[in-house]
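Take a look at the structure below.
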Amino acid sequence: MLFTPIRLPNSHVKALLGASGGLKLKSSILNSSFSTFRKVNNTQVGNHSVFKPRILENLNKGKLTSCLKVFSFTRSISDAKSIASGLKKVEIYNAPLSKIVKIIKYTSVLSISGIVLLSPWFFILESSLPLVARISLLAGASVFIGGSVALVNWAFNPYITKIELLDNNSKKNTISRDALLLVNKIDAFAREKKTIVRVNTLSRLENVPMRTWTAISDTTLSDFELEKLQNLLSSKIPSRNILLGKNDDKYFAHTDLESSQEMVDLIKSI
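The sequence shown begins at 1 in full-length UniProt numbering and counts up by one.
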């Protein structure tokens with residue numbers, strides 16, 4: 001049973017009944033009786049198992065808070081994976097001389113290797129040249145090749161072969177100053193190196209040969225950005241092949257040639 005009948009006191013019943021047997025309602029007594037009836041039955045309704053589910057009886061405030069925290073954490077992981085999966089690389093620049101630069105770098109590496117391998121033969125092979133002449137000849141060749149290799153590295157180390165915009169919103173019409181770039185260059189051993197650079201760390205250089213931009217600060221990544229990029233590039237960052245931009249790094253791009261709209265926006269934003 002949900003409700004318990006209330007038995008009215010005899011004095012109330014007599015007061016309600018008149019001398020002629022008719023029912024005389026006295027408002028004060030009626031209000032008092034109704035108030036008692038409502039208070040008792042409200043308590044019974046609130047305590048009855050029909051109106052209070054068992055799960056709410058057993059779930060206290062601490063458990064409810066823990067459940068909400070778990071749900072919030074799970075939701076944040078889901079959102080992070082969704083954003084990371086939407087992150088993509090958009091190629092905005094491809095250098096016209098990238099193959100030539102790579103050949104020049106290969107040639108310089110082979111020149112150094114050749115002079116090192118041939119050095120012993122200057123002294124092993126029989127010749128009418130005196131020892132001093134042989135040493136002078138070897139030293140001259142080494143200086144010449146070393147100087148040319150140093151010049152090649154100075155000129156082409158900043159050379160950008162490709163730029164990719166790391167973005168998860170293809171609807172943007174302009175490149176943000178906080179955007180990240182994946183810059184491809186060729187190192188001294190003719191190997192391709194990738195550098196992650198934030199746009200706002202770059203500054204334009206004026207009247208400097210083979211230099212377009214310089215980095216005025218290091219590129220840093222938040223934990224969230226680091227996780228997204230490692231998922232996208234399938235590599236640990238930083239690593240041997242993927243570096244973070246450093247202060248005073250130099251970059252060269254053909255900004256005077258016809259480029260994509262994204263590259264034009266990048267040039268304007270720096």
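All residues carry an ideal CB built from backbone N, CA and C; glycine is no exception.
What is the DSSP secondary structure of residue i, reduced to helix, strand or coil?
| i | result |
| --- | --- |
| residue 204 | strand |
| residue 87 | coil |
| residue 164 | strand |
| residue 334 | In the structure as shown, the chain starts at 1 and stops at 270, and residue 334 therefore has no counterpart that could be examined. |
Quick check: residue i and residue j, are their CB atoms within less than 7 Å of each other?
| i | j | result |
| --- | --- | --- |
| residue 187 | residue 193 | yes |
| residue 276 | residue 216 | This structure gives no information on residue 276, because the portion of the chain shown stretches from 1 to 270. |
| residue 205 | residue 198 | no |
| residue 270 | residue 202 | yes |
| residue 265 | residue 175 | yes |
| residue 288 | residue 190 | Residue coverage of the chain in this structure runs from 1 to 270, which leaves residue 288 outside it and unanswerable. |
| residue 329 | residue 178 | Because the chain in this structure spans residues 1 to 270, residue 329 falls outside the shown range and cannot be described. |
| residue 250 | residue 214 | yes |
| residue 218 | residue 247 | yes |
| residue 142 | residue 115 | yes |
Straight-line CA distance for residue i to residue j?
| i | j | result |
| --- | --- | --- |
| residue 103 | residue 208 | 24 Å |
| residue 196 | residue 92 | 15 Å |
| residue 256 | residue 162 | 16 Å |
| residue 180 | residue 232 | 13 Å |
| residue 87 | residue 110 | 40 Å |
| residue 108 | residue 158 | 16 Å |
| residue 229 | residue 237 | 8 Å |
| residue 95 | residue 259 | 10 Å |
| residue 127 | residue 117 | 19 Å |
According to the neighbour-count rule (16 or more other Cβ atoms, all chains shown, within 10 Å of its Cβ), is residue i buried or exposed?
| i | result |
| --- | --- |
| residue 147 | exposed |
| residue 234 | exposed |
| residue 139 | exposed |
| residue 132 | exposed |
| residue 156 | buried |
| residue 185 | buried |
Task: Ordered list of alpha helix (DSSP H) runs contained in the stretch 97 to 152, each at least 4 residues - done: For the stretch 97 to 152, whole alpha helix (DSSP H) runs of length 4 or above, ordered along the chain, are 98 to 118 and 121 to 124.
TODO: Quick one: which unbroken beta strand (DSSP E) runs of 3-plus residues sit fully inside the stretch 171 to 240? Chain order, please.
DONE: Fully enclosed beta strand (DSSP E) runs of 3 or longer: 180 to 186, 192 to 198, 202 to 204 and 213 to 215.
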